[in-house]
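**Student:** To convert, note that position 279 of the sequence shown is 278 in numbering that gives the first Met the number 0; the numbers rise steadily by one, no gaps.
Where is the CB? At the ideal position from N, CA and C, for every residue including glycine.
Model, not experiment: these values are computed from the prediction.
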Amino acid sequence: MKTLTGIMVMAVLIFFSACQQNTQKPTRKAKHVVLIGSDGLGAYAFEKAKVPNMRKLMDGGSYSLQARSVLPSSSAVNWASMIMGSGSELHGYTEWGSKTPELPSRILGKEGIYPSIFSLLHEQLPEEKMGVSYSWGGIGYLFEKNLVDLDFNGKSDSATTQTAIEFITNEKPALTFIHFDQPDGAGHGIGHDTQEYYQEVEKIDALVGQIIEALEENGIMEETVIILSSDHGGVNKGHGGKSLLEVEIPWIIYGKDIPAKGKLNSSIVTYDTGATIAWLLGLEQPQFWTGRPVMEALTEIE
Numbered sequence: 000m001k002t003l004t005g006i007m008v009m010a011v012l013i014f015f016s017a018c019q020q021n022t023q024k025p026t027r028k029a030k031h032v033v034l035i036g037s038d039g040l041g042a043y044a045f046e047k048a049k050v051p052n053m054r055k056l057m058d059g060g061s062y063s064l065q066a067r068s069v070l071p072s073s074s075a076v077n078w079a080s081m082i083m084g085s086g087s088e089l090h091g092y093t094e095w096g097s098k099t100p101e102l103p104s105r106i107l108g109k110e111g112i113y114p115s116i117f118s119l120l121h122e123q124l125p126e127e128k129m130g131v132s133y134s135w136g137g138i139g140y141l142f143e144k145n146l147v148d149l150d151f152n153g154k155s156d157s158a159t160t161q162t163a164i165e166f167i168t169n170e171k172p173a174l175t176f177i178h179f180d181q182p183d184g185a186g187h188g189i190g191h192d193t194q195e196y197y198q199e200v201e202k203i204d205a206l207v208g209q210i211i212e213a214l215e216e217n218g219i220m221e222e223t224v225i226i227l228s229s230d231h232g233g234v235n236k237g238h239g240g241k242s243l244l245e246v247e248i249p250w251i252i253y254g255k256d257i258p259a260k261g262k263l264n265s266s267i268v269t270y271d272t273g274a275t276i277a278w279l280l281g282l283e284q285p286q287f288w289t290g291r292p293v294m295e296a297l298t299e300i301e
C-alpha cells in the first residue's frame, strides 16, 4: 500500500512539474535579430550566382534551399506570412499586392491587422526597439506601423541598407526587418535565370556583406542572429504558380550560438520564420500562429 501511495505521489509531482515547465516564459536566446528578405530570390539562384556573403552565412550557420513559400507564390501574401507566422488562410492577404486582406483575418490585433512578430515584441518586451527598412512600398501595409521605431521606405536597395545599418548601430534594436526589392525587378523586366537576374542577386549579396561588416565592426554581431530568406522564386518573367522554381526559397540562419550544421533536412515553410524569431527573442508564440521554430537549426542553443 505504501508503495502504491508513493507511486501516486511521485506521479502527481511529475505532472505538476511538467505543467510548470510548460507555463514558464521562454528564455531569450539572442539580443538582436536581423531579418533580411530579398524579393524574388529563388533557391535555384544559388547554383549560378556568386554570393560569397550569403555563403559565409550558410557555411557558418544552417540553411535550406528547399524551404517553401505559401501559395500563391507572390509577394504580399508571402511577406505577410513570414512576419505574421501564419498562412493566407488565417491572415487573409492573398494577392501579390494586397494592401488589406481579401479574406477577413481570423484574428485581429489591437492595431487592426493580423498580429505580426512586431506586435508580439511590443506586447511582451515593450522597452525594446524594432524597425523596418524596405524598398518595395507594399511592405508598408503588412506590419503595425505605429509600433515600430523605424518605418523607412527607401528608393533603392542601397538606401534601404544604409538606413537599416544606421538604425541598428545607433539604436541597437531587438528586431530589424530589411527588405530588398531585387532581384524581383530583374526577374519581371528581363527574366529569371538570366545574366541580368544573377547580376542583381550578386548586388544583393554585396549589400548583405555591408550589413555583416557593420554588425562585426560595431561589436553587435556576437549578440545577433541573422535570418535571410525570400518570398518566392520565378520562371520566365513571372511567378505566382506552383512550380518548384517559383515556390522554393532560401532559408539561412547564422549568428549567436547558431550551430554550423550546414544543410538542414527540416521541411520549412516561410511562416516558420516568424516563429523562429519569436523563439530567439524569448517571446510566447500565440496559439493561432501556424509556424513553428526551425528547431533543427537551433537545438544546440538549449
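Would you say Phe176 and Leu34 are within 8 Å of each other, going by their C-beta atoms?
**Tutor:** Cβ distance < 8 Å, so Phe176 and Leu34 count as in contact.
**Student:** When you compare each of Arg291, Leu141 and Ser132 to Tyr270 by their alpha carbons, which one comes out closest?
**Tutor:** It is Arg291.
**Student:** Determine the direct distance from the alpha carbon of Ala296 to that of Leu64, and round the result to whole angstroms.
**Tutor:** For Leu64 and Ala296, the distance between alpha carbons rounds to 14 Å.
**Student:** For Leu141, does the three-state DSSP call read helix, strand or coil?
**Tutor:** In the structure shown, Leu141 sits in coil (DSSP, three-state: anything other than H, G, I, E or B).
**Student:** Span of the alpha helix (DSSP H) holding Thr175?
**Tutor:** Looking at the DSSP string, Thr175 is not in any alpha helix (DSSP H); the run it does join, the beta strand (DSSP E), is Leu174 to Phe179.
**Student:** Using only alpha-carbon positions, find the residue among Asp38, Leu102, Val50 and Leu56 that is nearest to Ser72.
**Tutor:** Checking every option, the nearest Cα to that of Ser72 belongs to Asp38.
**Student:** In three-state terms, what does DSSP make of Thr223?
**Tutor:** Thr223 falls in the strand class under three-state DSSP.
**Student:** Are the region 38–50 and the region 200–212 in contact at 8 Å, needing three or more beta carbon pairs?
**Tutor:** Yes, they touch.
**Student:** My output table needs one value for Gln194: the three-state DSSP class, helix, strand or coil.
**Tutor:** If DSSP states are grouped into helix, strand and coil, Gln194 belongs with the helices.
**Student:** Three or more beta-carbon pairs under 8 Å between the region 186–195 and the region 220–238, yes or no?
**Tutor:** Yes, since at least three Cβ pairs between the region 186–195 and the region 220–238 fall closer than 8 Å, the two stretches touch.
**Student:** Pick helix, strand or coil for His31, following the three-state DSSP scheme.
**Tutor:** Correct three-state label for His31: strand.
**Student:** Of the choices Glu283, Trp278 and Ser134, whose alpha-carbon is the least far from that of Lys28?
**Tutor:** Checking every option, the nearest Cα to that of Lys28 belongs to Trp278.
**Student:** Who are the Cβ neighbours of Glu143 in its own chain at under 6 Å, not counting the five residues just before and after it?
**Tutor:** Here the set comprises Glu110, Phe117 and Ser118.
**Student:** If we call anything under 8 Å between Cβ atoms a contact, is Pro249 one with Ser265?
**Tutor:** Cβ atoms of Pro249 and Ser265: not closer than 8 Å.
**Student:** If you check the beta carbons only, do Pro114 and Asp148 fall under 8 Å apart?
**Tutor:** Not closer than 8 Å, so no.
**Student:** Sort out for me which residues DSSP pairs Ile252 with in a bridge.
**Tutor:** Partner(s): Ser61 and Ile226.
**Student:** Using C-beta distances below 6 Å, list every residue in its chain close to Met0, excluding the 5 sequence neighbours before and after it, in chain order.
**Tutor:** Low per-residue confidence applies at Met0: pLDDT is 47, beneath 50, and the placement is therefore not dependable enough to give any value.
**Student:** According to DSSP, is Lys55 helix, strand or coil?
**Tutor:** Three-state result, Lys55: helix.
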